[in-house]
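A.B. asks:
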Amino acid sequence: MTPGAGEWASWFPPGMPGLGAMPDHMRFARTGRWWADRPSEPRAAALTCAGYTLMGGDPHAVPPEALAPLAYGYFAVPDRFLPLLGEAFERIVPWERMLWVRRDNVPATRPVTGMKVTVRRMTGADAAAVHGLGPELSWIAGTWDGPRRLAASGRCWGAFHDGRLLSLACTYFRGSLYEDIAVATRPEERGRGLAAACVRGLCADITARGTLPTWTCSRHNEPSRRLAATAGFRLYREYVHYAVGASAVRTGRQAAALA
Numbered sequence: 001m002t003p004g005a006g007e008w009a010s011w012f013p014p015g016m017p018g019l020g021a022m023p024d025h026m027r028f029a030r031t032g033r034w035w036a037d038r039p040s041e042p043r044a045a046a047l048t049c050a051g052y053t054l055m056g057g058d059p060h061a062v063p064p065e066a067l068a069p070l071a072y073g074y075f076a077v078p079d080r081f082l083p084l085l086g087e088a089f090e091r092i093v094p095w096e097r098m099l100w101v102r103r104d105n106v107p108a109t110r111p112v113t114g115m116k117v118t119v120r121r122m123t124g125a126d127a128a129a130v131h132g133l134g135p136e137l138s139w140i141a142g143t144w145d146g147p148r149r150l151a152a153s154g155r156c157w158g159a160f161h162d163g164r165l166l167s168l169a170c171t172y173f174r175g176s177l178y179e180d181i182a183v184a185t186r187p188e189e190r191g192r193g194l195a196a197a198c199v200r201g202l203c204a205d206i207t208a209r210g211t212l213p214t215w216t217c218s219r220h221n222e223p224s225r226r227l228a229a230t231a232g233f234r235l236y237r238e239y240v241h242y243a244v245g246a247s248a249v250r251t252g253r254q255a256a257a258l259a
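Residue numbers (the UniProt record's numbering): 1 to 259.
Here you go:
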C-alpha cells in the first residue's frame, strides 16, 4: 500500500536528511513497499526500499512472524522496536553510522590521474554502462529499481573512459529538502579522484535544484569519511541502525515445508 499525502506524517515526516529521505524518495520514484498492520487506521507501519526498513507506530501491533520477509536487511527504528526485532530475527547487529551534510560550495578537487576520462551527467542511454559495473556494485541502482531508471533519473554523474563507466555518484534517496548520495567505483580504478569528480558534478546539480546533499556511511569506513570531508560535507550526527539475520519465527508455510 502507498499512503496518501499527510498519512503517517508523525511516523515518517517529510523533509528529513539521510536515510530519513527514504519516504520522500519512495513517493517520488514509486519504488519500495509500504506495510501496515491493517488497511485502515493502522497502528504500526514499515517502509522498505533496497534492503532498508523504517518502522513507526506501536511495535506491539506487529507479530514477529510478519517481519519474516524483511530478513537479511537493515532496520532504522526507534528503540521501542528492538524487542520486536529480537523476537523476529536470529541475529541483530548494531551498525554505527554517520550522517554528513554539505552546506557550502564544493571545494576544488584534485585532478583525475591516469588515462583521459570524461566526467558528465548521465542519461537513460547509459543504462547498459551502469549494468556493466557488475554484481559487486549493482547495489548502487537498488533504490531506483535497477540501472535503467537510475541512469534516466537525471540524478547521476559518471566518469567514463572509451565508453566504459569507471565510477559514478548518484542521488540514492531523493528527499524534498535533502538528497542522500551514494558513490560506486570499480575496485581497480579507486584512488584516482574519479569519485570526487563525480560527487562535485552531482552536488552542483543538487544545489541548483534547491536541495542539500547528504552523505551516510559506516563510522568505520575511513575512505568514505575522507571522501565526504574532501567533498565539503560536515558531520551532522551519528546514529545506529541494525543488520538482521534470518527470521527466528517459523510461519505455517515454513513449518509445513520442514515437516
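We put the CB at the ideal spot given by N, CA and C, even for glycine.
By the DSSP assignment, the alpha helix (DSSP H) with V130 in it spans what residues?
C.D. replies: V130: member of the alpha helix (DSSP H) spanning A127 to H131, first to last residue.
A.B. asks: Under a three-way DSSP split, which group does G124 fall into?
C.D. replies: helix
A.B. asks: Secondary structure at G56, three-state DSSP: helix, strand or coil?
C.D. replies: Note: G56 maps to strand in three-state DSSP.
A.B. asks: To the nearest angstrom, how far is it from the Cα of T143 to the Cα of M115?
C.D. replies: 31 Å
A.B. asks: Suppose the cutoff is 8 Å on Cβ atoms and the five residues either side in sequence are ignored; what does the same chain contact list for L85 look like?
C.D. replies: In its chain, beyond the 5 residues on either side, L67, F75, V77, I92, Y242 and V244 have a beta carbon closer than 8 Å to the beta carbon of L85.
A.B. asks: Tell me whether G20 is buried or exposed, calling it buried when 16 or more other Cβ atoms sit within 10 Å of its Cβ.
C.D. replies: buried
A.B. asks: Kindly provide the ranges of any beta strand (DSSP E) runs that are 3 or more residues long and lie completely inside the UniProt domain "N-acetyltransferase" (117-256), ordered along the chain.
C.D. replies: You should have 118-121, 156-161, 164-174, 178-185, 212-218 and 234-244.
A.B. asks: Let me know the secondary structure DSSP gives F75 once reduced to three states.
C.D. replies: The three-state reading of DSSP puts F75 in strand, counting E and B together.
A.B. asks: With three or more C-beta pairs closer than 8 Å as the rule, is the stretch 55-62 touching the stretch 190-208?
C.D. replies: no
A.B. asks: In whole angstroms, give me the CA-to-CA distance for S40 and A125.
C.D. replies: Each residue's Cα considered, the two are about 42 Å apart.
A.B. asks: Any C-beta of chain D sitting closer than 9 Å to the C-beta of A50?
C.D. replies: No chain D is present in this structure, which holds just one protein chain.
A.B. asks: Please work out which residues of its chain come closer than 6 Å, Cβ to Cβ, to T214, disregarding the five sequence neighbours upstream and downstream, and give them in chain order.
C.D. replies: P17, G18, V101, Y178 and D180
A.B. asks: In angstroms with no decimal places, state the Cα-to-Cα distance between H161 and L212.
C.D. replies: 29 Å
A.B. asks: Quick one: measure Cβ to Cβ for G73 and S176, integer angstroms, because I've assumed they're closer than 8 Å.
C.D. replies: Not confirmed; about 25 Å, so no contact.
A.B. asks: Identify which residue in E96, A159 and R155 has its Cα closest to the Cα of V119.
C.D. replies: A159
A.B. asks: Going along the chain, which residues of its own chain have a beta-carbon closer than 7 Å to the beta-carbon of F233, five neighbours each way excluded?
C.D. replies: Taken in chain order, the residues that qualify are W100, V101, R102 and W215.
A.B. asks: Report the start-end ranges of each alpha helix (DSSP H) in the stretch 19-48 that is 4 residues or longer and not cut off at the edges.
C.D. replies: 22-29
A.B. asks: Once DSSP output is grouped into helix, strand and coil, what is the label at F89?
C.D. replies: strand
A.B. asks: Does DSSP classify R97 as helix, strand or coil?
C.D. replies: strand
A.B. asks: Using the beta-carbon count (16 or more within 10 Å), is E136 buried or exposed?
C.D. replies: exposed
A.B. asks: When DSSP labels each residue in this structure, what does P63 get in the three-state scheme?
C.D. replies: In the structure shown, P63 sits in coil (DSSP, three-state: anything other than H, G, I, E or B).
A.B. asks: Measuring only the C-alpha atoms, how far is L168 from A231?
C.D. replies: 14 Å
A.B. asks: Here's the rule: buried if 16 or more other CB atoms are within 10 angstroms of the residue's CB, otherwise exposed. What is G220?
C.D. replies: It is His, not Gly, that sits at residue 220 in the sequence shown. When all chains shown are included, H220 counts as exposed.
A.B. asks: Tell me the rounded alpha-carbon separation between E65 and T53.
C.D. replies: 16 Å
A.B. asks: Please tell me whether L47 and P13 are closer than 9 Å, where the distance is taken between their beta carbons.
C.D. replies: no
A.B. asks: Exposed or buried, what is R237 when buried is set at 16 or more other beta-carbons lying within 10 Å of its beta-carbon?
C.D. replies: exposed
A.B. asks: Measuring alpha carbon to alpha carbon, tell me which of E188, G154, T171 and E189 ends up nearest A182.
C.D. replies: T171
A.B. asks: With a cut-off of 8 Å on the beta carbons, I'd call M55 and F81 a contact; round off their distance for me.
C.D. replies: 5 Å
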